[in-house]
Structure formats: structure tokens, C-alpha cells
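*Asks:* One structure coming up, written as C-alpha cells, with questions to follow.
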Amino acid sequence: MAEMGEATAADRAVLCIGDIHGYISKLRSLWSNLEAVVGFDSFATALVIFLGDYCDRGPHTREVIDFLIALPSQYPRQRHVFLCGNHDLAFAAFVGALPPPPDGLPFSATWAEYALNEEREGWFKGEGYEAMHVQGRRWGGDIGGRFNPKKGMAYKGSIYDAGPTFESYGVPHGSADLAKAVPDTHKKFLCDLVWVHEEDNVLIDSPEGRTSCKLIAVHAGLEKSKGVEEQLKLLKARNTILPKVEQLSGRHDVWEMPKELSDKSTLVVSGHHGKIHIEGLRYIIDECGGLEQLPIAAVVFPSKMIVRDIDQIVAEC
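Numbering (our numbering), first residue to last: 98 to 414.
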């Protein structure tokens, strides 16, 4: 039996919020719109899953993380899940906030797989680089302002567009002083990010009526060609000796629903891909992709409604 004030599966709203990428005003507007759509009471007890990528590209990473850290005290009856995105993992690596590898190996053991890209990507070589995970070195590096054809814009400092994150903490891009400028509370937030979240009894509306599903949330998706349990075990372990985590940073093999879940009532929800794509129970929610001119979005279950920061919902209510 649910405790007083705790939502049951029958009335619980589940909100999955796409990539924020340092846009605090967009996040605040989206949050207000979600409360208006869901309703005060349901919003107060909602399960809110943030799909990762809180930093980079936008100018206010520090303010975004402050906002997220404050949510549990401001909304004590909500449940909050903060997934790790590939940008967040790299940010954590640069400031020394990654969980240590479980096998005692040094983070420098992650460099070899990407070593041929070091010069082209301008990896970080400043203070502390010798003990840094490869993604931290890529994140804090300098790609020389080259043009990113996928985004249609010049890179913002590094291959990860990390320049605005440095600036939000008051230090120039590529400065090792960022590790001192980032508050301990932010480092703890980055260290505690989960790589996957599973939730049973998530309700979803369909033409046949309301049904109960299992939900798996992971930043980029699950690889369609590998066993699901094997992947979940890997993600729960958060083994930071991996040079790259495909489920957090992949593009192609994580796009579709894994084959073994195609005939099961399982939602797989991700961000990462710079678009909204819904096919059956596979949900990709990342309309912004870190671009200033595009909205950030969320999906609300059970209704499956897509809510954006630019929607005029609050004004209409």
C-alpha cells in the first residue's frame, strides 16, 4: 500500500525530459509548462527522469546544475532520476568527478583506442592530464574553431562544445582551474549520475486503452544487436575504464529497439540524438540537440504528450 502522499501506478505521472545543454531559461519554461499540463497535484508526486546532457553548447551549465540539485528539496514528493549523458561523463572526467575504475587501472588506460585522433581533436594537455579519462581530455581540448558540419556551426572550444561550460564557471576554455571552480556539490551531482534507470508499471495510453509497461531510460539507447541483460549489467556497474560507453554516446546501433524487446511491453526512452522520434515503444526525446534556436522537450506518460519550452501552455491556463 502506498504511503500517504505517495502516488500509485494508477495515478502517477512520469515525465522524461530531454537534453538541456546549458539553457536555463528553456529549462525553467519547460518546467512551468509541465506543471501546467500535468496539474499541480500530479506534478507534485511525479517521477521525473532527466535523460542527460546538462552541460555544453548553452551558456548556463552552472545554473542548470544548481536548478537540478535544488529539485529534491523544492519538490520533496517527486522522484528525480538524473541520467548521465556523454557530455556529462566527459565533464565529470575533466574535473575529477568520475567514479574510479573498479579494477584499479589508471584512467590513462582509456587513451589507446582514440590515440590516432589526439592531434586532430586537440586533446587537453594541461595540468592533471596524465591521470584523466580520454573523454575528459577530448572535452577540455581545443579543436581550433573548426566547423562542425553536423551542427552547421563552428565548434565551441572542443569537440564537445565545452567552451560555454568553462565560461559559466568563470574560467576560460581549457583551463585546468575549472576543477577548482566547480563546487563540490556539482562534482557530487556529476559523480552520482546513473547510466540507466529501470521502472516497472509505467502506464501508457493506446487506442486499446491504458496499459502497464516497463520503462528503461538510457541517454543514447540500448544496442539492438546485444543482449539486454548484458547491457543493463554493464550500465549499472558504471565501469569508467571503458573508453566509450555506446549506450551513452552511440548513434546508429542504439537507435532502434533491441530485437529481444520488440514483442514485450517495454518502453525504451532516450535523448542524445537531436530530434524527436517515436516508433512503437521506442522514444527519443531531444528536439534541441544543444542548438539555441530549437526547443527542449519532454514526454509525459501515460498521455504520451510532447511538451516544449516554447509552448504557450502557462499563459493559456
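A virtual CB, placed ideally from N, CA and C, is assigned to each residue, including glycine.
Are G149 and H118 closer than 8 Å when you measure CB to CB?
*Replies:* no
*Asks:* For F244, which of helix, strand or coil comes out of DSSP?
*Replies:* strand
*Asks:* Would a C-beta distance cut-off of 8 Å place V404 and N130 closer than the cut-off?
*Replies:* By the CB criterion at 8 Å, V404 and N130 fall inside the cutoff.
*Asks:* List the whole-angstrom C-beta distance separating A317 from L345, where the pair is believed to meet the contact cut-off of C-beta under 8 Å.
*Replies:* 5 Å
*Asks:* With DSSP as the reference, identify every bridge partner of R307, one or two as the case may be.
*Replies:* D302
*Asks:* Pull up the DSSP beta-bridge partners for M250, would you.
*Replies:* N245
*Asks:* Assign M402 to buried or exposed, taking buried as 16 or more other Cβ atoms, counted over all protein chains shown, within 10 Å of its Cβ.
*Replies:* exposed
*Asks:* Can you tell me where the beta strand (DSSP E) with A394 in it begins and where it stops?
*Replies:* Counting along the chain, A394 sits inside the beta strand (DSSP E) bounded by residues 394 to 398.
*Asks:* Pick out whichever of E384, K333, V145 has its Cα sitting closest to the Cα of D406.
*Replies:* Taking the Cα of D406 as reference, the smallest distance to any Cα among E384, K333, V145 is reached at E384.
*Asks:* Should G306 be labelled buried (16 or more other beta-carbon atoms within 10 Å of its own) or exposed?
*Replies:* exposed
*Asks:* Please state whether the Cβ-Cβ distance between L124 and V161 is less than 8 Å.
*Replies:* Inclusion of L124 and V161 in the CB contact set at 8 Å is warranted, their separation being smaller than that value.
*Asks:* Please go through the stretch 112 to 166 and give each complete alpha helix (DSSP H) segment of 4 or more residues, from N-terminal end onward.
*Replies:* Counting whole runs of 4 or more residues, the stretch 112 to 166 contains the alpha helix (DSSP H) stretches 121 to 135, 137 to 141.
*Asks:* For I410 and L364, which I take to be in contact (beta-carbon distance under 8 Å), what is that distance rounded to the nearest angstrom?
*Replies:* Taking 8 Å as the upper bound for CB-CB distance, I410 and L364 are not in contact here, some 24 Å apart.
*Asks:* For T308, does the count of other Cβ atoms within 10 angstroms reach 16, so buried, or fall short, so exposed?
*Replies:* exposed
*Asks:* Rounded to whole angstroms, what is the Cα-Cα separation between H230 and V134?
*Replies:* 41 Å
*Asks:* Report the rounded CA-to-CA distance for G249 versus N183, giving the unit in angstroms.
*Replies:* 20 Å
*Asks:* Alpha carbon to alpha carbon, how far is R159 from I114? Give it in angstroms, no decimals.
*Replies:* 18 Å
*Asks:* Ignore the nearest five residues each way along the sequence and tell me which others in M98's own chain have a CB closer than 8 Å to its CB.
*Replies:* Since pLDDT at M98 reaches only 36, below the 50 mark, its modelled position is unreliable, and the value read off the structure follows with that caveat. Answer for M98: no residue qualifies.
*Asks:* For H370, which of D350, D360, S362 has the nearest alpha-carbon?
*Replies:* Nearest option by C-alpha distance: D350.
*Asks:* Considering only DSSP beta bridges, list what T363 is partnered with.
*Replies:* K311
*Asks:* Along the alpha helix (DSSP H) that carries V231, what are the first and last residues, could you check?
*Replies:* 231 to 236
*Asks:* Tell me whether I437 is buried or exposed, calling it buried when 16 or more other Cβ atoms sit within 10 Å of its Cβ.
*Replies:* The first residue shown for the chain is 98 and the last is 414, placing residue 437 beyond what the model contains.
*Asks:* State yes or no: is the C-beta of L275 within less than 8 Å of the C-beta of F191?
*Replies:* Taking 8 Å as the Cβ cut-off, L275 and F191 qualify as a contacting pair.
*Asks:* Alpha carbons only, please: which of T262, S122, E132 is nearest the one belonging to A110?
*Replies:* E132
*Asks:* Thinking C-beta only, is A194 closer than 8 Å to L287?
*Replies:* yes
*Asks:* List the residues that DSSP assigns as beta-bridge partners of E216.
*Replies:* None; E216 has no bridge partner.
*Asks:* So who's on the other strand from H177, going by DSSP bridges?
*Replies:* V145
*Asks:* By the three-class DSSP mapping on this structure, what secondary structure does K321 have?
*Replies:* coil
*Asks:* State the DSSP-derived secondary structure class of I407, mapped to helix, strand or coil.
*Replies:* coil
*Asks:* Please report the distance separating the alpha-carbon of L388 from that of Y252.
*Replies:* L388 and Y252 have their C-alpha atoms roughly 12 Å apart.
*Asks:* Alpha carbon to alpha carbon, how far is Y380 from G242? Give it in angstroms, no decimals.
*Replies:* Straight-line Cα distance between these residues: approximately 33 Å.
*Asks:* One question on the structure: do I256 and E218 come within less than 8 Å of each other, judged by their Cβ atoms?
*Replies:* For I256 and E218, yes; Cβs fall inside 8 Å.
*Asks:* Considering just the uninterrupted stretch of the alpha helix (DSSP H) at H283, what are its terminal residues?
*Replies:* 281 to 289
*Asks:* Tell me, please, which residues DSSP counts as bridged to I338.
*Replies:* According to DSSP, I338 bridges with nothing at all.
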